[in-house]
Structures are given as structure tokens and as C-alpha cells.
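**Student:** Residue numbers (our numbering): 619 to 879.
Glycine residues also receive a C-beta, built at the ideal position from the N, C-alpha and C atoms.
Sharing a structure, written as C-alpha cells. Questions coming.
Dropping the structure here:
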């Protein structure tokens, strides 16, 4: 318990460390190109490369979220966004001295399933058409249980995606209302069953502790429900309350957050 108390403090996640505010300066364009070329040359033949593709759009704001998002119900943004990402990919291809070997692709957001299955297919096929795929490649994407369709699941599976991550966060009604993130247990169970039926080999859940109005009892209930769904992996994150950075978090106050005990 002493170790838990010692290290249970709010710090940046290792995957984003050091964080942007601590960067000394941004690289020049020439420096960036040089770094891209060197990194690609050092890893492509032996390990391949990994791609993270950010799809920032959401139809509604989850008030706990600190991700880079754009809130809109206008799905006309899909086509120009995908076209721009593919143009950016072409710029990288111009820097590479050989055909890329893709080891990993991850679609994050935002809400990747904001996009239609057809547009996601256009995006992935546009990326893969100019690459080789590693034999042990792993493709994954993040999804919202409430708007992920069987069309999304089948299309992405056929493109090589075998891992899917659902942002569950919490099943408690009061917590869901505070964070403006709604999905019932029945919705989640249904989409998980569909994932298994399609053939996904890794169904993952994201849970967050420290959310407004969470209690020991409500968190225990959420975990017990999650166990019945048998996810292959659980990512258990702590909530970061930064309303001066993310105004959406002003929907609640620190008084609404659970105490450390």
C-alpha cells in the first residue's frame, strides 16, 4: 500500500512523455524530413513501421475527455479529411527510399466509427495500396459502442483489423450523465458479441477511475459487469481534471470527484 500511495500521483502518460509544453523548440521542415528519413531507414527493413491515424470527429462532447477532438454532426467533413490524410501520406512516401513495410496501424480519435465503413475502407486501402504488410501485422481501432455498426466491424476485419477497443469508462447512469457518455450494458454486450462472431481476436475495454460521482460500489458494479463480457484486455486509466485546458470538464467540480480513499 505504501508503494501504491507513493506512485499514485498525476503525471503525464509515458506514451506522451515529455509532453509538448516541455519541448524546447519545434524542428524545422528540413530537420523533420531528416528525422523521418533516418528513422524509416533504420527500422523499415528489420521491424517495419507503425502508423497512428488520428480521426478527431465526435458527434457529442464527452466532458471528461482531454483528447484532441472536433465536435460536429456534419458528416460532410469525412471525405475532405480522409483525402487530406492520404495527401499527407503521399508526402511521407516521397521521403522514403523504399516501399514501406507496415507492422501496425491504429485508428484513434475522436471517434473513428464517426466515419462510415465505406470511408474507413477508402482510407485504409489508400494507405495499404502503396505498402507491403508484415506477416505479423497488427491493426486496431477505437470505437464507441453506441455508433459502431456491423458494417464497421466486417469492413475493417476484411481489411486486416483484428483488435478493437471500446471506451466503456463506467456503466453507472449518474456517472454517464455527468460525462455525457452514454452506452448501456446491453448495447455493449451486443456489439461485443458481434465482434466475436465476425472474428475479432482481441476485444479491449477502456475504463476510467476518478470520474465524477463514482463510488466504490458503482465502480465495483462496473467491473463485475465488465468481467461477464470477458474482454481480452482492460486499460484502466485515472481521470485527469484539467478544466482550465478542457472547458467541457466545467460541467462538474472537484467536489463531485471521488476522494482518494
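Using DSSP's beta-bridge definition, name the partner residues of residue 787.
**Tutor:** DSSP, once it has assigned bridges, lists 825 as partnering residue 787.
**Student:** Can you tell me the Cα-Cα spacing of residue 866 and residue 742, whole angstroms?
**Tutor:** Cα to Cα, the separation comes out at about 32 angstroms.
**Student:** In or out: residue 782 buried (at least 16 other Cβ within 10 Å) or exposed?
**Tutor:** Answer is buried; the Cβ neighbour count reaches 16.
**Student:** Out of 682, 624 and 666, state which residue places its alpha-carbon closest to the alpha-carbon of residue 754.
**Tutor:** Among 682, 624 and 666, the Cα nearest to that of residue 754 belongs to 666.
**Student:** Quick one: residues in its chain with C-beta nearer than 7 angstroms to the C-beta of residue 774, no 5 flanking neighbours on either side, listed in chain order?
**Tutor:** Closer than 7 angstroms at the Cβ level, and outside the excluded window around residue 774, lie 738 and 759.
**Student:** For residue 693, does the three-state DSSP call read helix, strand or coil?
**Tutor:** Helix.
**Student:** Quick check on residue 709: buried or exposed, where buried means 16 or more other Cβ atoms within 10 Å of its Cβ?
**Tutor:** Exposed, since its Cβ has fewer than 16 Cβ neighbours within 10 Å.
**Student:** Classify residue 697: buried if its beta carbon has 16 or more other beta carbons within 10 angstroms, exposed otherwise.
**Tutor:** It is exposed - the Cβ of residue 697 has fewer than 16 other Cβ atoms within 10 Å.
**Student:** Considering only the alpha carbon of each residue, which of 728, 734, 746 and 732 lies closest to residue 684?
**Tutor:** For residue 684, the nearest C-alpha among the options comes from 728.
**Student:** Put residue 799 into one of helix, strand or coil per three-state DSSP.
**Tutor:** DSSP places residue 799 in coil when its eight states are reduced to three.
**Student:** For the segment 732 to 775, which segments carrying the beta strand (DSSP E) assignment without a break, of at least 3 residues, lie completely within its bounds, in sequence order?
**Tutor:** Taking only runs of at least 3 residues, the beta strand (DSSP E) segments lying wholly in the segment 732 to 775 are 750 to 761.
**Student:** Quick check on DSSP: helix, strand or coil for residue 847?
**Tutor:** Three-state result, residue 847: helix.
**Student:** Below 7 angstroms CB to CB, which residues in the same chain sit around residue 731 once its five sequence neighbours on both sides are set aside?
**Tutor:** Excluding sequence neighbours, residue 731 sits near 761, 762, 765, 766 and 770.
**Student:** Does residue 809 come out as helix, strand or coil in the three-state DSSP assignment?
**Tutor:** Of the three classes helix, strand and coil, the one that applies to residue 809 here is helix, per DSSP.
**Student:** What is the C-beta distance between residue 669 and residue 745, in whole angstroms, given that I count them as a contact (C-beta under 8 angstroms)?
**Tutor:** Rounded, the Cβ-Cβ distance is 7 angstroms, consistent with contact.
**Student:** Rounded to the nearest angstrom, what separates residue 799 and residue 805 at their Cα positions?
**Tutor:** Their backbone Cα atoms lie some 13 angstroms apart in a straight line.
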